[in-house]
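The next block holds one structure in the form of structure tokens; read it before the comments.
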Amino acid sequence: HCRACGRVFCHECSSKKVELPHMGLKGEQRVCDYCHPIEEKRFYWLNTAVPMLQSGSVLVVYGRFTSDSRMVKLSDNQQTMELLDVNNRKLKDSFSLKSMDTIVAGKTTSNLAK
């Protein structure tokens with residue numbers, strides 16, 4: 021079974037492995053083909069991007085299918101993620117990091133509606 025979502029798969033569909041420290045699991049764990057890219061990105065985010073943001077860096081996130089890019093930074097109190105205008109670095113939007121708890125818990129419907 022996939023250690024990330026808990027669903028049962030054949031070996032061929034759950035042969036990839038990734039670390040899941042946010043779930044309290046040590047070492048690489050078996051995950052399904054669907055969860056693998058999601059958990060790889062989460063692992064990168066938690067271990068690379070978050071420390072950079074906590075040190076005061078501003079990240080530029082490039083749109084994959086559009087020319088739309090975003091600048092992202094952590095607020096001074098580290099409780100809010102701020103999205104900045106790429107041209108003038110003025111605040112465009114923000115969201116509470118607390119709202120992200122439901123995504124980690126797998127309850128995304130209310131966040132996706134936003």
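Start counting the sequence shown at 21; every next residue gets the next number (this note's numbering). For every residue, glycine included, the Cβ atom is placed at its ideal position computed from N, Cα and C. Here the structure is a predicted model, which means the values were calculated and not measured.
What does the alpha-carbon distance come out to for the pair residue i and residue j?
i: T128; j: K118; result: Reliability fails at T128, whose pLDDT of 45 lies under 50, so the model's placement of it is uncertain and the value that follows must be treated cautiously. Answer to the nearest angstrom: the Cα atoms are 13 Å apart.
i: D96; j: D53; result: 37 Å
i: L94; j: G76; result: 7 Å
i: K36; j: H56; result: 7 Å
i: K46; j: N107; result: 42 Å
i: V81; j: S34; result: 30 Å
i: Q99; j: S116; result: 6 Å
i: F29; j: Y64; result: 25 Å
i: H31; j: Q74; result: 39 Å
What does DSSP give as the partner residue(s) for residue i in the beta ladder?
i: Y82; result: S89
i: F29; result: The partner list for F29 (beta bridge, DSSP) is empty, contrary to what the question assumes.
i: S114; result: E102
i: S70; result: Note that residue 70 corresponds to Val in the displayed sequence, not to Ser. Note: V70 sits in no beta bridge, so no partner.
i: E39; result: E48
Cβ atoms of residue j and residue i: under 8 Å apart, would you say?
i: V92; j: E60; result: no
i: R27; j: V51; result: no
i: L79; j: M72; result: yes
Write down the C-beta distance between residue i and residue j rounded to the nearest angstrom, noting that I regard them as a contact closer than 8 Å.
i: M101; j: S114; result: 6 Å
i: L103; j: K110; result: Actually they are not in contact, since the Cβ atoms of L103 and K110 sit about 10 Å apart, beyond 8 Å.
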